[in-house]
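*Asks:*
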Amino acid sequence: MDKEILKILADPLDPATPLVPADKDTLERINTLITKGKARNRGGEVLVHPVMEALVDTHGRHLYPVEDGIPVLLPDKGINIA
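The numbering of the sequence shown is our numbering, which starts it at 735 and goes up by one.
#1: Nearest by alpha-carbon distance to Asn814: which of Arg776, His793 and Leu789 is it?
#2: Return helix, strand or coil for Pro749, following the three-state DSSP convention.
#3: Cα separation between Ile739 and Leu781?
#4: What separation, rounded to the nearest whole angstrom, lies between the Cα atoms of Gly794 and Gly812?
#5: Just mark Pro799 as buried or exposed, buried being the case when its beta carbon has 16 or more other beta carbons within 10 Å.
#6: Please identify the residue among Asp791, Val806, Ala816 and Leu767 whose C-alpha is closest to the C-alpha of Ala750.
#7: Consult DSSP for Arg795 and reduce its assignment to one of helix, strand or coil.
#8: What is the residue span of the alpha helix (DSSP H) that Asn765 lies within?
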């Protein structure tokens, strides 16, 4: 993810909170839940595909997938991780 773009991205649910790349442990944790069929986004959709790249808010509450290099910052597509 381009560092200049990261400087301007913020959590759509809390615009004062910046987003940072999700670390390996966070991705592993969410992907384990996805594999078990226990992960849903805020829109209620059961997640079936692993998350390879994501952004997380600096409070560690919300995760947003990055698909084909593009952050999906729609509130319903976010995943609560706290």
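The beta carbon of each residue, even a glycine, is placed where N, CA and C say it ideally should be.
*Replies:* In short, the structure shows the following:
#1: Position 80 of the sequence shown, counting from 1, holds the residue named residue 814. Cα-wise, what sits closest to Asn814 is Arg776.
#2: Against the sequence shown, residue 749 aligns to sequence position 15. Three-state DSSP puts Pro749 in a strand.
#3: Within the sequence shown, numbered from 1, the residue matching residue 739 stands at position 5. Within the sequence shown, numbered from 1, the residue matching residue 781 stands at position 47. Straight-line Cα distance between these residues: approximately 26 Å.
#4: The count along the sequence shown starts at 1 and reaches residue 794 at position 60. The count along the sequence shown starts at 1 and reaches residue 812 at position 78. The alpha-carbon atoms of Gly794 and Gly812 are separated by roughly 12 Å.
#5: Sequence index remark: in the sequence shown, residue 799 carries index 65 (1-based). It counts as buried.
#6: Position 16 of the sequence shown holds residue 750. Checked all of Asp791, Val806, Ala816 and Leu767; the closest Cα to Ala750 is Asp791.
#7: To locate residue 795, count along the sequence shown from 1; it is residue 61. Coil at Arg795, not helix or strand.
#8: Walking along the sequence shown from the start, residue 765 turns up at place 31. First-last of the alpha helix (DSSP H) with Asn765: Lys758 to Thr769.
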